[in-house]
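Going by numbering that gives the first Met the number 0, the sequence shown opens with residue 0, and the numbers climb by one from there.
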Amino acid sequence: MEDCQVRDDWSRLCSPVLSTEIISFFSVAFTTMVVLNVGVGAIYAVSLLWVSRPLVRVLSFSLGVLGFVLSAPQAFVRINNPTILPSQDILLLTFFVLGDVMNHIALLMIIYWDICRESVMLIFALDPAKKARSLRLSFGAGFGFMLSQVVVLGTFLTLMAVLEDMSRALAIKIFYIGQVSFIFGCMPPVAFGLLARNLHKLWAQLPPDLPRRLAHRLRYTQLGLYLLLLVCTVYAPSGLLPAFIPELNQLGGFIYTYVIMLAAGFVVLILLVGELTLTLKQLRMKARQTQPLAADQMVKLVQAGAENLRCREDRQHGVQTPVWHRGLEHSIMQGFLQLAAEADGDGQVVDTFLQTSELCQTHVKPLTAAARCSAWEALNAGWDSLPPDAHRHPRSQHLNTPTVMVSHCWASPFQDVVKIMRRYDENTNKSNFFFFDVFSMNQHDLSDLAGPDRKDQSGQDMYDVMLEALTNSIRTPRRVLLALTPHHEPQLLSRSWCLYEIYMAQKLKAEVSCGFVPAAEQQVIQSLQQGDELIEHMLSKVDAEKSQATVESDRLMILELIQKDRVSKFNQFVREKFAASLRLVALTTVPSDDVEEAVVLPPRAVVTRSHFLGILARSRSELTDRDFDDVFQI
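So this is what it looks like as structure tokens:
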């Protein structure tokens, strides 16, 4: 460049490497990066109207995007006139200094107060002492480095406008060694490497199918750590080379603006895109808040379906839908719970802790007796009996293929099981469809378990049919929710069928989740953080030979099945898998202050047999549009 029109912005020296085309190209690249950050940031901001994210993450991304916007003018003016030196324009220099300080503070917030903090929360979920120390260290390091950015960048970038040539070259050398190579290049990799290694070990210990909320946290954190490690490998040499190579020292301003800052901008952009992607996925799976079915309307809907099935000629020739495809949305169970919580005809309040088995005998079986069908079939047929204009409420929102199978003890309070199912919806951030045997299975005729092709299995042993149905009910959703109540001594772990369900779930490589009522969750997490006493106490109950079953022949049949693998091996297998699932509770549970309380039902209120028959008597009429609207006021 003979005319020497293009000079480096800091050294103000001509260089044969620089040209107007190169300056214009990188100025366009920098401006494009800023526009992309603003666009993605705007979409992310809109998504926050429907989903909450960590406050520090939102603030750091907002600060970073704003910083790049303030830094953009110095690049934008050089697109058309590459010979301009922004450092000699007081307005451009002021905007650049403010923007650069904000950029680096935002980047440090993302590093130490978001990604490192999230890693610590995951890695030390069950060790509160180490978690507290690590969080203090992460916060302190982040705060110290942020303060250094205000001092270093504010002072250095201002000096670049007034220093002489020799002093400017020395200042550039010191700046690159301290700011670029040390603070962002050499210091962080040690911490990032340790966190990434421990996070990788944690993920390797977890089951293959994780709740999506936990998987999102792990993916975002790992993306951030690996990306930051990559950036550190670029920053470290980028800081040393301009310090010791005179030719690169003369390009100090160009390298910082168009290599260092451009790299930082794309780091923020990649993290922002990753966070936006996970947030949009979370929005798509966000649980719908559905109102429970009113008790009398539930009776009408089920009764209409049962009557419809009773009148069908093809009902006796086979089951329309296989039992393992019968999933119900949580609000259906909530409706039955509301039915069980109403006062009797005299207004007297009775016991609300109705066992699941009692609910089946006093509510489910009488409602479905007309057609001798399952509650799911009656509800499904009830939708068929609705007037055409009432179909604006899709059946698929309430009845669908199961996404999770519920393993529970029939002696557990039905109210607790329903709370656990609702909590599972909240923890997985989606509206699940539950395979719940009380409603999914025909409580009048177990031959329905054989599925649609019953006639082809007429010679099959009933236990084989039951085991096949159980296997398919786990294989279809590939997720099992254990309803552990009471939390300190779950009845489920002493039941033969429940132990076998855990065993089959792990054999089929299904995800197993431990569910507790909201009031017990925090107690369980605190117990897990204090040690393994709770786990050991629960595991002491796992013994197939001492387990119980309502029907003794069922227990003997299950024992005979597991004799092939030896009972001790079976017990050990179930204990290991259950312990691994139990430890996930501290990771997968939504903090209690972020979750709405479950619907509070009238205390100690359950319907009596006379009141239940009264509801049946009052619900003989056909379902009307008004009835349906009353049921689904969403």
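Backbone N, C-alpha and C fix where the C-beta goes; we use that ideal spot for every residue, glycine too.
Can Gly238 and Val179 be called in contact, C-beta distance under 8 Å?
Going by C-beta atoms, Gly238 is nearer than 8 Å to Val179.
Look up Asn399 in the DSSP assignment and give the residues it is bridged to.
Gly326.
Tell me, please, which residues DSSP counts as bridged to Ala482.
Gly514, per the DSSP bridge assignment.
Look up Val405 in the DSSP assignment and say whether it is helix, strand or coil.
If DSSP states are grouped into helix, strand and coil, Val405 belongs with the strands.
If Val267 and Gly63 are in contact, beta carbons under 8 Å, what's the gap, nearest whole angstrom?
The Cβ separation is near 5 Å, so the contact holds.
For the beta strand (DSSP E) that contains Phe181, what are its first and last residues?
No beta strand (DSSP E) holds Phe181; DSSP gives it neither H nor E.
Given Ala653, which residues of its chain have a CB within under 6 Å of its CB, disregarding the five upstream and five downstream residues?
Absent from the structure is residue 653, since the part of the chain shown begins at 0 and ends at 633.
Since I believe Glu510 is in contact with Thr588 (beta carbons under 8 Å), could you give me their beta-carbon distance rounded to a whole number of angstroms?
With a Cβ gap of about 15 Å, Thr588 and Glu510 do not count as contacting.
Just to confirm the assignment, what range does the alpha helix (DSSP H) spanning Phe94 have?
Phe94 -> alpha helix (DSSP H) spans Ile89 to Leu107.
So, helix, strand or coil for Asp4, using DSSP?
Checking the displayed sequence, the identity of residue 4 turns out to be Gln instead of Asp. Here Gln4 sits in coil by DSSP.
What is the DSSP secondary structure of Ala433, counted as helix, strand or coil?
Inspection of the sequence shows that residue 433 is occupied by Phe rather than by Ala. Here Phe433 sits in strand by DSSP.
Let me confirm a value: His324 is counted as buried when at least 16 other C-beta atoms fall within 10 Å, else exposed. Which label applies?
Per the 10 Å Cβ criterion, buried.
With the cut-off set at 8 Å, would you say Phe433 and Leu353 are in Cβ contact?
No; because the gap between Cβ atoms is not below 8 Å, this pair is not in contact.
How far does the alpha helix (DSSP H) with Ser147 in it reach, from first residue to last?
Here the alpha helix (DSSP H) through Ser147 covers Pro127 to Leu158.
Comparing C-alpha positions only, which one of Leu48, Asn248, Ala548 and Leu226 sits nearest to Ser166?
Nearest option by C-alpha distance: Asn248.
Report the start-end ranges of each alpha helix (DSSP H) in the segment 247 to 271 that is 4 residues or longer and not cut off at the edges.
251 to 254, all fully within the segment 247 to 271.
In whole angstroms, what is the alpha-carbon distance linking Val16 and Leu156?
Rounded to the nearest angstrom, the two C-alpha atoms are 23 Å apart.
Would DSSP call Cys13 helix, strand or coil?
If DSSP states are grouped into helix, strand and coil, Cys13 belongs with the strands.
According to DSSP, what are the bridge partners of Gln547?
BP columns for Gln547 point to Arg494.
Whole angstroms are fine: how far does the CA of Met145 sit from the CA of Val68?
Each residue's Cα considered, the two are about 20 Å apart.
Using the C-alpha atoms, what's the distance from Ala214 back to Glu117?
Between Glu117 and Ala214, the C-alpha separation is close to 13 Å.
Between Glu551, Glu575 and Ala71, which lies nearest to Thr93 when the distance is taken from Cα to Cα?
Residue Ala71 is the option with its Cα nearest to Thr93.
Within 10 angstroms of the Cβ of Thr427, are there 16 or more other Cβ atoms? Answer buried if so, exposed if not.
It is buried - the Cβ of Thr427 has at least 16 other Cβ atoms within 10 Å.
Taking buried to mean at least 16 other C-beta atoms within 10 Å of its own C-beta, is Ala518 buried or exposed?
Its Cβ having fewer than 16 others within 10 Å, Ala518 is exposed.
Expressed to the nearest angstrom, what Euclidean distance is found between the alpha-carbon atoms of Val479 and Met503?
Distance between the alpha carbons of Val479 and Met503: 10 Å.
If you run the structure through DSSP and keep just helix, strand and coil, what is Thr19?
Thr19 falls in the helix class under three-state DSSP.
Where Pro321 and Lys364 are concerned, what is the direct C-alpha to C-alpha distance, given to the nearest angstrom?
Taking the straight line joining both Cα atoms gives about 19 Å.
Terminal residues of the continuous alpha helix (DSSP H) containing Ile122?
Cys115 to Ile122 is the extent of the alpha helix (DSSP H) around Ile122.
Determine the direct distance from the alpha carbon of Val437 to that of Thr607, and round the result to whole angstroms.
Bear in mind that a pLDDT of 35 at Thr607, under 50, signals an unreliable position, so the number given afterwards is only what the model happens to contain. Their Cα atoms are separated by approximately 19 Å.
So, does the CB of Arg196 fall closer than 8 Å to a CB anywhere in chain D?
Absent from the structure is chain D; it holds one protein chain and no more.
Pairing CB atoms from the segment 89 to 103 with CB atoms from the segment 128 to 139, are three or more of them under 8 Å?
No contact exists between the segment 89 to 103 and the segment 128 to 139.
For Gly184, which residues of its own chain have a beta-carbon under 6 Å away from its beta-carbon, when the five flanking residues on both sides are left out?
Contacts found: Cys231, Tyr234, Ala235 and Gly238.
Considering only their Cβ atoms, is the gap separating Gly223 from Leu270 smaller than 8 Å?
Yes, the Cβ-Cβ distance between Leu270 and Gly223 is below 8 Å.
Tell me whether Gln442 sits in a helix, a strand or coil according to DSSP, three-state version.
The answer is coil: DSSP assigns Gln442 none of H, G, I, E or B.
On a Cα-Cα basis, can you pick out the residue from Leu229, Ser147 and Trp112 that is closest to Ser137?
Of Leu229, Ser147 and Trp112, the residue nearest in Cα terms is Trp112.
Taking C-alpha atoms, which residue in Ile114, His487 and Leu12 lies nearest to Thr220?
That would be Ile114, whose Cα lies nearest to the Cα of Thr220.
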